[in-house]
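Data block below; observations after.
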Amino acid sequence: PRESASNDAMKWIRSAPWMANAILILLLAGCGRKSEVPSSAPAAETPLPTPPFVSKCEPGQRGGRLVVAVFGEPKTFNPITANESSSTDILAHLFAGLTRIDVPSQEVLPGLAESWKVEADQKTWTFKLRAGLRWSDGQPLTADDVVFTWNDVIYNPAINNVTRDLFTIDGKPFQVSKVDDLTVRVVTPDIYAPFLEYFGAGVSILPRHVLGKVPAKQFESAFGINTPPTEFVCSGPFRLKEYKPGQHVLVERNPHYYAVDARGQRLPYLDHIIWTTVPDFNAMSLRFLQGESDVQDVIRPDEIDRFEAEARKGKFRVIDLGLQMERGFVWFNQNTGVNTNTGKPFVAPHKLKWFRNTRFRQAISHAMDRPSIIKSVYAGRAIQAAGYISPANKKWYNPDIPKFFFDLPRARALLKEIGIEDRNGDGLLEDAEGNVIEFTLNTNAGNTVREKIAVLLQADFKQLGIRLNFQPLDFNTLVDKINGTYEYDCILLTFGADGTDPTGLINSLKSDGFTHAWFPRQKTPSTEWEARIDFLVNAQLKTLDFAERKKYFDEVQHILAEQLPMIPVVLPNAVVAARADLGNLRPSQLSTLRTLWNSDELYFRK
Numbered sequence: 226p227r228e229s230a231s232n233d234a235m236k237w238i239r240s241a242p243w244m245a246n247a248i249l250i251l252l253l254a255g256c257g258r259k260s261e262v263p264s265s266a267p268a269a270e271t272p273l274p275t276p277p278f279v280s281k282c283e284p285g286q287r288g289g290r291l292v293v294a295v296f297g298e299p300k301t302f303n304p305i306t307a308n309e310s311s312s313t314d315i316l317a318h319l320f321a322g323l324t325r326i327d328v329p330s331q332e333v334l335p336g337l338a339e340s341w342k343v344e345a346d347q348k349t350w351t352f353k354l355r356a357g358l359r360w361s362d363g364q365p366l367t368a369d370d371v372v373f374t375w376n377d378v379i380y381n382p383a384i385n386n387v388t389r390d391l392f393t394i395d396g397k398p399f400q401v402s403k404v405d406d407l408t409v410r411v412v413t414p415d416i417y418a419p420f421l422e423y424f425g426a427g428v429s430i431l432p433r434h435v436l437g438k439v440p441a442k443q444f445e446s447a448f449g450i451n452t453p454p455t456e457f458v459c460s461g462p463f464r465l466k467e468y469k470p471g472q473h474v475l476v477e478r479n480p481h482y483y484a485v486d487a488r489g490q491r492l493p494y495l496d497h498i499i500w501t502t503v504p505d506f507n508a509m510s511l512r513f514l515q516g517e518s519d520v521q522d523v524i525r526p527d528e529i530d531r532f533e534a535e536a537r538k539g540k541f542r543v544i545d546l547g548l549q550m551e552r553g554f555v556w557f558n559q560n561t562g563v564n565t566n567t568g569k570p571f572v573a574p575h576k577l578k579w580f581r582n583t584r585f586r587q588a589i590s591h592a593m594d595r596p597s598i599i600k601s602v603y604a605g606r607a608i609q610a611a612g613y614i615s616p617a618n619k620k621w622y623n624p625d626i627p628k629f630f631f632d633l634p635r636a637r638a639l640l641k642e643i644g645i646e647d648r649n650g651d652g653l654l655e656d657a658e659g660n661v662i663e664f665t666l667n668t669n670a671g672n673t674v675r676e677k678i679a680v681l682l683q684a685d686f687k688q689l690g691i692r693l694n695f696q697p698l699d700f701n702t703l704v705d706k707i708n709g710t711y712e713y714d715c716i717l718l719t720f721g722a723d724g725t726d727p728t729g730l731i732n733s734l735k736s737d738g739f740t741h742a743w744f745p746r747q748k749t750p751s752t753e754w755e756a757r758i759d760f761l762v763n764a765q766l767k768t769l770d771f772a773e774r775k776k777y778f779d780e781v782q783h784i785l786a787e788q789l790p791m792i793p794v795v796l797p798n799a800v801v802a803a804r805a806d807l808g809n810l811r812p813s814q815l816s817t818l819r820t821l822w823n824s825d826e827l828y829f830r831k
């Protein structure tokens, strides 16, 4: 999972590099409209690879610029280190993996690799690359690039990245080797059940001829947001054309892409996609309703009636995808570490004592008036959330988990059990040492849904006698607090996840995971229940028996629902909108890219 800025119920995210969303927009044009962004003549194409990937999409026509309004900006264009949806939602269109996923069906399809096979041991895999693959600069893409991506980057201990967490079994990496220029062999330490989905489709292959020159200690800054587009090399359907901070990200069709339609016409159809930056959700919706953007992946519940009324005029469609996969959480910082620069603990010791107490977290969950949130923020279009994954994930969801819904008397009783009560009659709770129960909640500024929820939680906790200070922050600043400085009390944010398999959650579930939000990158598990989750997550990977995998993951969900390191809030429906003349639109709540997951197939009918 990865952190998600706008694709919320109210992309963190990111366990897997394909998975979290951003938020900011500027007034720029759509297909056929005047624009200040650069245009260019079509680039010369290289011959198609042998064989090309043949899409089953409806044959379309080339041309046009698709406009997306967002209110968050990328932190990086490096697909291995990106861990927030403001970056990954763009990178998904720029890089390719060995395989690809048809999102609605979750079918694994060939990608850069035309074929693969697995030996009887279910641990030895061989991929055959397409002959004649090219990077966006026209250079050959071969097995050397695949081996470089894994051995020199992902498994390089000198390079911090969120990808490595997903691809170790009992601490052991996969063995990736070159057989010949078009053949790669992978040997896993044990059976890895979702291998094709995650090793194949989940990892962006990197250009060795460009990034192989970058020292390991400098790799995290490689392909940064200041990289000139002429020096940025990728393999997806689009390549970087221009990035202007505070204004837009513009990508253009990659003339060396490996896919075609049924008529043999090279994909993608669109000439450009542009993400324009706006200040908040209101501006994002206004852009779309005025016809200045072409798709919108998040329609707030209080806007649905307005969007549906406008849709009846025929210019765009509104599509309710059902209960969303992204999950909104409140979590407390349980990090026991110390800032090595200042010598001060990341969390004040008296607060850390509260935050790491299970009954404290359960009491907080009991203090959340979720029905009021559903009524006032979501206009009734949501359900109460109790678990770590959404019931929309019908294959894996465990309904038999503990639930700590709104119950103020029970919340007070739990707090009293751990010595927290109103000791002086001032209406505020104090702990046994006399410290007032007070903490600060952060979420991303401009996300009006989360801001409304935070204000309601403020009132809920006040009823309990807890002082909650609300401080919204710029999304990238917020992510830096979570992943970098670790200096915060409490966060309200959404975790995004692509696909249904729980393996996509590994780097948030395992105690040493990069996105183990409440206390990331632990050297050893800090609690017995975290150690148990580590065991269960590893165990579910090492069997092909679905019932056994489900049993392990059911227990993971039970532990998380009881311990509440991440306190679920509510789950709304995923509702999207798109221009009426956008062809091959197949939106799905199984991807954080609800409307754009198949951007190489989209086209304008007019």
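Throughout the sequence shown, residue numbering follows the numbering used here, covering 226 to 831 in sequence. Note that beta-carbon positions come from the ideal geometry of N, C-alpha and C, so glycine has one too.
Exposure of residue i, with buried meaning 16 or more beta-carbon neighbours within 10 Å
i	result
LEU818	buried
ARG227	Low confidence applies here, because ARG227 scores a pLDDT of 43, under 50, leaving its location unreliable; read the following figure in that light. Classification of ARG227: buried, given that the 10 Å Cβ count is 16 or more.
PRO812	buried
ALA617	buried
THR393	buried
LYS831	exposed
VAL503	buried
LYS466	buried
GLU755	buried
THR820	buried
GLN765	buried
ILE499	buried
ASP370	buried
PRO493	buried
ASN623	buried
ARG537	exposed
ARG488	exposed
Residue i, enclosing beta strand (DSSP E) - first and last residue
i	result
ARG819	Premise fails: ARG819 is in no beta strand (DSSP E) and is neither H nor E.
ASN669	663-669
ARG637	Note, ARG637: premise wrong, no beta strand (DSSP E); alpha helix (DSSP H) at 633-642.
VAL328	Unbroken run through VAL328: none, as it is neither H nor E.
LYS466	463-469
LYS353	349-354
MET791	791-793
LYS342	338-343
PRO697	692-698
VAL543	541-548
TRP500	497-502
Assumed close pair residue i, residue j - CB separation to whole angstroms, cut-off 8 angstroms
i	j	result
ALA368	LEU407	6 angstroms
PHE829	GLY336	No, PHE829 and GLY336 are not in contact; Cβ-Cβ is about 25 angstroms, not under 8 angstroms.
ALA607	ARG552	Actually they are not in contact, since the Cβ atoms of ALA607 and ARG552 sit about 12 angstroms apart, beyond 8 angstroms.
ALA604	ASP705	Between ASP705 and ALA604 the Cβ distance is about 33 angstroms, and since that is not below 8 angstroms, they are no contact.
CYS282	GLU826	4 angstroms
HIS318	PHE513	Between PHE513 and HIS318 the Cβ distance is about 19 angstroms, and since that is not below 8 angstroms, they are no contact.
ARG666	LEU654	The sequence given here has Leu at residue 666, not Arg. Actually they are not in contact, since the Cβ atoms of LEU666 and LEU654 sit about 16 angstroms apart, beyond 8 angstroms.
VAL409	VAL378	At roughly 15 angstroms, the Cβ-Cβ gap does not stay under 8 angstroms, so VAL409 and VAL378 are not in contact.
ARG774	ALA418	6 angstroms
THR313	ILE450	About 14 angstroms; that fails the 8 angstroms criterion.
Residue closest to residue i, alpha-carbon to alpha-carbon, out of the options
i	options	result
GLU642	GLY547, ILE608, GLY461 and ASN582	ASN582
ARG595	TRP621, VAL680, GLY729 and ASN566	VAL680
HIS591	LEU693, LEU633 and VAL371	LEU633
VAL439	HIS318, ILE626 and ALA383	ALA383
THR673	SER429, GLN443 and VAL602	VAL602
PRO398	PHE630, ILE315, ASP415 and LEU693	ASP415
LEU789	LEU734, ASN809 and GLN765	LEU734
ASP505	VAL295, TRP375, GLN286 and ASP779	VAL295
ASP362	ALA508, ALA338, ARG433 and LEU785	ARG433
LEU639	ARG586, LEU577, LEU511 and GLN747	ARG586
LYS183	TYR713, PHE554, VAL474 and GLY297	Nothing about residue 183 can be reported from this structure: the residues present for the chain run from 226 to 831 only.
ALA338	ASP346, GLU344 and LEU358	LEU358
GLU658	GLY652, THR668, ASP651 and ILE645	ILE645
ARG757	HIS783, ALA772 and LEU769	HIS783
Start and end residues, alpha helix (DSSP H) containing residue i
i	result
ASP405	Element bounds for ASP405: not the alpha helix (DSSP H) but the beta strand (DSSP E), 400-405.
GLN782	771-788
THR313	310-316
VAL476	Where VAL476 is concerned, there is no enclosing alpha helix (DSSP H), although the beta strand (DSSP E) it sits in stretches over 473-478.
ALA684	673-689
Interface flag, residue i vs chain D, CB-CB below 8 angstroms
i	result
ALA441	Although the question refers to chain D, the structure presented lacks it and comprises just one protein chain.
>> Across the region 469-488 and the region 272-280, are there enough close Cβ pairs to call them in contact, namely three or more that are closer than 8 angstroms?
In response: yes
>> Closer than 8 angstroms is the cut-off here; do at least three beta carbon pairs connect the region 720-730 with the region 411-424?
In response: yes
> So, do the region 790-805 and the region 540-559 have three or more beta carbon pairs nearer to each other than 8 angstroms?
Replying inline: yes
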